[in-house]
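Visitor:
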Amino acid sequence: MIRRAVLPALGIAGAAGLWESATRSGLVAPTDVPTLTSTVTALGDLLGSVPFWVAIGDTVRSWALGLVASAAVAIPLGLAIGASERAWRFVRIPVEALRPIPPIVILPLALLILHGGITFKIMLIMQGALWPLLIQTSYGVRDIDRVVLDTARSYRLGWWRRVVFVRLPAALPIVASALKLAAASAFAVALVTELIGGAPGLGQLLVVAAGGNDLPRVYALTLVAGLFGLLVAAAFGALQRRVAQTR
Numbered sequence: 008m009i010r011r012a013v014l015p016a017l018g019i020a021g022a023a024g025l026w027e028s029a030t031r032s033g034l035v036a037p038t039d040v041p042t043l044t045s046t047v048t049a050l051g052d053l054l055g056s057v058p059f060w061v062a063i064g065d066t067v068r069s070w071a072l073g074l075v076a077s078a079a080v081a082i083p084l085g086l087a088i089g090a091s092e093r094a095w096r097f098v099r100i101p102v103e104a105l106r107p108i109p110p111i112v113i114l115p116l117a118l119l120i121l122h123g124g125i126t127f128k129i130m131l132i133m134q135g136a137l138w139p140l141l142i143q144t145s146y147g148v149r150d151i152d153r154v155v156l157d158t159a160r161s162y163r164l165g166w167w168r169r170v171v172f173v174r175l176p177a178a179l180p181i182v183a184s185a186l187k188l189a190a191a192s193a194f195a196v197a198l199v200t201e202l203i204g205g206a207p208g209l210g211q212l213l214v215v216a217a218g219g220n221d222l223p224r225v226y227a228l229t230l231v232a233g234l235f236g237l238l239v240a241a242a243f244g245a246l247q248r249r250v251a252q253t254r
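In the working numbering, the protein residues as written are 8 to 254.
Put into structure tokens, the structure is as follows:
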């Protein structure tokens, strides 16, 4: 465990040293990149301010609500679509056509209709997180050995029981992998709605800091966003490994 942590720690220390030396020596213009020490100082100021934690709460709440709403819609729907050949043929092309549309494309329309706020953020987060969950769940449900399904039928299991007790357990690793992708996508969309749509949260603090030309604060907030993204990836990566081990 300790050995595994050594190389990442050395990498972080090396990057920090390179950052500080490059900015102190003038290799990088201070108008483009602040020193690491000034960024850390700005981060300390943020950690001691109430508006920062309120913004964190706004971002995390909208991210979590959007992700949960996406999962609540996409996973059951994906199970039903994947378990029915007719449903799969009916929706596959429309779903594949809608999936590539990024949330930022519909952001102006959503802002016009919903006028910002938490509902606006959740709808856009769902647009970004729902499609990978829906499609991967459908693929996972379909990717099952026909012998297993025939065996379930021989035991007179009905369609619904086959979905719940046979198809869903077989699809869980793929669903867990899709959840990891959806969680990262949901966080990115949450930040975009705050940066461009003006919704409250970390992104809005970034806009204010950039507007005031407060580079250390901008970089400190960017580090916070990056750290949260790493935590999300680590948490859902652990969930994915746990699901794979329990199969």
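Even glycine gets a Cβ: it sits at the ideal position worked out from N, Cα and C.
With a CB to CB cut of under 6 Å and the five nearest residues on each side skipped, what residues in its chain are close to Leu-121?
Guide: If we look at Leu-121 and ignore the five residues flanking it on each side, its Cβ neighbours are Phe-127.
Visitor: For the putative contact between Gly-236 and Phe-194, defined by C-beta atoms under 8 Å, what is the C-beta separation to the nearest angstrom?
Guide: With 8 Å as the limit, Gly-236 and Phe-194 qualify as a contact, their Cβ atoms being about 6 Å apart.
Visitor: Tell me which residues share the same chain as Gly-85 and place their Cβ nearer than 6 Å to its Cβ, disregarding the 5 neighbours each side in the sequence.
Guide: The answer, listed in chain order, is Leu-141, Thr-144 and Ser-145.
Visitor: Going by other Cβ atoms of all chains shown within 10 Å of its Cβ, with 16 needed for buried, is Gly-89 buried or exposed?
Guide: Answer is buried; the Cβ neighbour count reaches 16.
Visitor: Comparing alpha-carbon positions, which option in Leu-118, Val-214 and Trp-138 lies nearest Val-182?
Guide: The option with the nearest alpha carbon to Val-182 is Trp-138.
Visitor: In this structure, how does DSSP classify Leu-222 when only helix, strand and coil are distinguished?
Guide: Three-state DSSP puts Leu-222 in a helix.
Visitor: Within this structure, are the beta carbons of Thr-66 and Gly-210 separated by less than 9 Å?
Guide: Going by C-beta atoms, Thr-66 is nearer than 9 Å to Gly-210.
Visitor: Could you tell me the alpha carbon to alpha carbon distance between Thr-44 and Ser-56, rounded to whole angstroms?
Guide: So the alpha carbons of these two residues sit roughly 19 Å apart.
Visitor: Would you say Pro-41 and Leu-212 are within 9 Å of each other, going by their C-beta atoms?
Guide: Against a cut-off of 9 Å, the Cβ pair of Leu-212 and Pro-41 comes out as no contact.
Visitor: Counting pairs of beta carbons, one from the segment 196 to 209 and one from the segment 64 to 83, are three or more of them closer than 8 Å?
Guide: Result yes; three or more Cβ-Cβ pairs closer than 8 Å.
Visitor: Answer yes or no: do Val-250 and Leu-179 have a C-beta to C-beta separation smaller than 9 Å?
Guide: Yes. Within cutoff.
Visitor: Among residues of its own chain, excluding the 5 on either side of Ser-184, which ones have a beta-carbon nearer than 6 Å to its beta-carbon?
Guide: Gln-247.
Visitor: With DSSP run on the structure shown, which of helix, strand or coil describes Ala-206?
Guide: Residue state, collapsed to three classes: coil.
Visitor: Between Pro-223 and Thr-48, which are expected to be in contact by the criterion C-beta below 8 Å, what is the C-beta distance as a whole number of angstroms?
Guide: Contact flag correct, Cβ pair sits at about 7 Å.
Visitor: In whole angstroms, what is the alpha-carbon distance linking Ala-216 and Leu-228?
Guide: For Ala-216 and Leu-228, the distance between alpha carbons rounds to 9 Å.
Visitor: According to the Cβ coordinates, are Leu-118 and Gly-204 closer than 9 Å?
Guide: Result yes, Cβ atoms of Leu-118 and Gly-204 sit closer than 9 Å.
Visitor: Considering only their Cβ atoms, is the gap separating Ala-79 from Ala-136 smaller than 9 Å?
Guide: Against a cut-off of 9 Å, the Cβ pair of Ala-79 and Ala-136 comes out as no contact.
Visitor: Measure the alpha-carbon distance for Gly-24 versus Ala-242 and round it to whole angstroms.
Guide: In a straight line, the C-alpha of Gly-24 is about 28 Å away from that of Ala-242.
Visitor: Is DSSP giving Asp-39 helix, strand or coil here?
Guide: Reduced to three states, the DSSP call for Asp-39 is coil.
Visitor: Does Thr-253 come out as helix, strand or coil in the three-state DSSP assignment?
Guide: DSSP places Thr-253 in coil when its eight states are reduced to three.
Visitor: Can you tell which of Ala-240, Ala-177 and Phe-97 has its C-alpha closest to the C-alpha of Thr-253?
Guide: That would be Ala-177, whose Cα lies nearest to the Cα of Thr-253.
Visitor: Please report the straight-line C-alpha distance between Ile-111 and Trp-95, rounded to a whole angstrom.
Guide: Those two C-alpha atoms are separated by around 28 Å.
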